[in-house]
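See structure below.
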Amino acid sequence: MFRSRYIQDVGYWEWVSTTSRNGLDAIIWVLCIAIVVAVVVAVL
């Protein structure tokens, strides 16, 4: 139980560090998606 929980925490922090490293890319992707959604909504 504790062991699997520990592995999950390690994986979570690994994911957090990877996400923060790629934070700029993520922000750009979110902006692109938001623009596409806004255009689609405006057209509809």
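Residue numbers 1 to 44, in the numbering used here, belong to the letters of the sequence shown in order.
Where a beta carbon is used, it is the ideal one built from N, C-alpha and C, also for glycine.
Distance between residue j and residue i (C-alpha atoms, nearest Å)
i   : j   : result
G23 : L44 : 31 Å
W15 : A26 : 13 Å
A34 : D9  : 31 Å
I28 : Y12 : 23 Å
A38 : S17 : 30 Å
For residue i, the three-state DSSP class (helix, strand or coil)
i   : result
L44 : coil
M1  : Only weak support exists for where M1 lies, its pLDDT of 48 falling under 50; the value from the coordinates is given anyway. Coil at M1, not helix or strand.
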